[in-house]
Amino acid sequence: MKPYLACRRGGSLAWLLGVPLVAAPLLSGCSSPTDASSFDRPVSPPPASPTGGQLPAEPVTTLVDARPAALINGRTVLWGDLRPILSDAAGAEALREVVLDQRLAEAAAEAGVTVSQDDVVAERRRLLEALDKDPSKALRLLAELRDRQTLGTRRFERLLSRNALLRRLVQNDVTVTPEAVARLYDATYGPRRQVRLITVGDLATAQAVAADARGGVFFGDLAVERSTDSSAARGGLLEPMTRDDSTYPVALRQAAFGLPEIGAVSDPILLPGGYAVVQLHAVTETEMPPRAEVRAELTRRVRAARERVLMDDLARRLLTTTTVTIFDDALEESWERFKRAARRGEAAALVAP
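Quick note on this note's numbering: the sequence shown kicks off at -16 and runs consecutively.
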């Protein structure tokens, strides 16, 4: 894995592997001490610990820390009470957002690129269209997406602005080839085949599965009993695929389109991590529209897909060269947790869907 962000603290260097998207703004304040008594409001005591004692409270050292954030049964909660908890809970996500925004601003200034409100509105429209063609359903799905990713009003607007700026920065590097448009045409309108799949760990087991299926044992039952694939619970049934559907391995597609009739069972197929056997379940032939009628739409889709790849690559490159010095213990803990999650491949995407 490549290191995407370096963090120095106390002279040590730790590498960040992988980069998630964005998060809530990081709370910060000035570094000069402030007298909390200058505010006309009661000062809350430290919170009680689960054992009934008092948890140690950090001193109020900034104007932000001294401001009231909420009331609990009439008692004031200061930002200073919330800051270490917020830093621990979401500090790394917030810091990554700020880092990416700053680096994008630098890149845009160097390239002489700006974005308008129309560009931001266009990003929202693209996102809705990607979620669903039906406007009402798209709005509902967007609300659900924002809830899942905790994208409040400010974070969502920043995400759209960030997407717009990334798109402007990469737009001159996007190349749409006739071959790419042709592949998308075949994937969108070409014949589809649906298969049942069984994956196993070794060739001998795959051969035994194929023999049982050809001998009359119901393939779906074999999938439930023996398959290691997540489709086992559905009797191995996969979604329909086209010949150029890149969501499936090439060997699997070749086997599916090589089967002569419904019910036919393939020989064992070598896949990453093991072997597979497939059975042809259904064939769908559709009337393909003239290429000229759909070329413009397919070209737009190819361009959008290529833009997304380049946008994500650019964001990662910007973060690769960024060094962050962390002074807050809670924020550093959050940062370390994120790095561990990134190493496990749990980092979120850099750009909006």
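Ideal placement from N, C-alpha and C gives every residue a C-beta, glycine not left out.
| Asked | Found |
| --- | --- |
| Which stretch, first to last residue, makes up the beta strand (DSSP E) that contains T188? | From DSSP, T188 is part of no beta strand (DSSP E) but of the alpha helix (DSSP H) over 186 to 197. |
| Looking at the secondary structure, which residues open and close the alpha helix (DSSP H) in which V292 lies? | 274 to 303 |
| For the beta strand (DSSP E) holding A53, just list the boundary residues, first then last. | 51 to 55 |
| Would the beta-carbon of A369 fall within 8 Å of that of S70? | No answer is possible for residue 369: it lies beyond the span of the chain, which begins at -16 and ends at 336. |
| Do S210 and T399 count as a contact pair if the criterion is CB distance below 8 Å? | No information on residue 399 is available, as it lies outside the stretch -16 to 336 that the chain covers here. |
| Below 8 Å between beta carbons: does that hold for A77 and L65? | no |
| What ranges does the alpha helix (DSSP H) occupy inside the segment 196 to 221, keeping only unbroken runs of at least 4 residues that lie completely in it? | 202 to 209 |
| Considering Cα atoms alone, identify which of A72, V207, L46, G57 is closest to G63. | L46 |
| Helix, strand or coil: which one does DSSP assign to A265? | strand |
| Out of R300, R299, E106, point me to the one whose CA is closest to L148's CA. | E106 |
| Note down, in chain order, each residue of its chain lying with its Cβ closer than 7 Å to the Cβ of R150, except the 5 sequence neighbours on either side. | E290, M294 |
| Which of the three DSSP states, helix, strand or coil, is assigned to W318? | helix |
| Out of E162, R79, F240, L301, which one is the CA nearest neighbour of E285? | The question names Glu, yet the displayed sequence has Val at residue 285. Closest option to V285, Cα to Cα, is E162. |
| Considering only C-alpha positions, which residue in the set M271, E316, V248 is nearest to I68? | E316 |
| Just to confirm the assignment, what range does the beta strand (DSSP E) spanning Q177 have? | 175 to 183 |
| Taking just the CA atoms, how far does G95 sit from E112? | 29 Å |
| Taking V248 as the reference, give the member of Q190, L143, L167 with the closest Cα. | Q190 |
| Mapping DSSP to helix, strand and coil, what is P29? | Note that P29 scores a pLDDT of 41, beneath 50, so its modelled location is shaky; the value from the coordinates is reported in the next line. Correct three-state label for P29: coil. |
| Once DSSP output is grouped into helix, strand and coil, what is the label at L254? | strand |
| Does DSSP classify V104 as helix, strand or coil? | helix |
| So L263 and I245 are in contact, right, with Cβ under 8 Å, and what is the actual spacing, rounded? | 5 Å |
| With a threshold of 8 Å on Cβ separation, who are the neighbours of P255 within its own chain once the five nearest residues in sequence on each side are excluded? | P232 |
| Is it buried or exposed for N56, if we count other Cβ within 10 angstroms and need 16 for buried? | exposed |
| Using only the alpha-carbon positions, how far apart do L302 and D296 sit? | 10 Å |
| Apply the 10 Å Cβ neighbour rule to L83 and answer buried if 16 or more other Cβ atoms are within range, or exposed otherwise. | buried |
| Does the separation of the CB atoms of R166 and A206 fall below 8 Å? | no |
| Go ahead and label A216 buried or exposed: buried means 16 or more other beta carbons lie within 10 angstroms of its beta carbon, across all protein chains shown. | exposed |
| Can you tell me which of the three DSSP states R58 falls into? | strand |
| Let's see if you can read the secondary structure: which residues bound the alpha helix (DSSP H) around V307? | Looking at the DSSP string, V307 is not in any alpha helix (DSSP H); the run it does join, the beta strand (DSSP E), is 306 to 308. |
| By DSSP, does A259 sit in helix, in strand, or in coil? | strand |
| Of the residues P251, L134, R50, V200, which one's Cα is nearest the Cα of D185? | P251 |
| Are the Cβ atoms of T133 and A170 separated by less than 8 Å? | no |
| Which residues mark the beginning and the end of the alpha helix (DSSP H) in which R226 is found? | Unbroken run through R226: none, as it is neither H nor E. |
| Considering Cα atoms alone, identify which of N155, Q100, L152 is closest to E140. | Q100 |
| Roughly how many whole angstroms lie between the Cα atoms of G173 and D117? | 24 Å |
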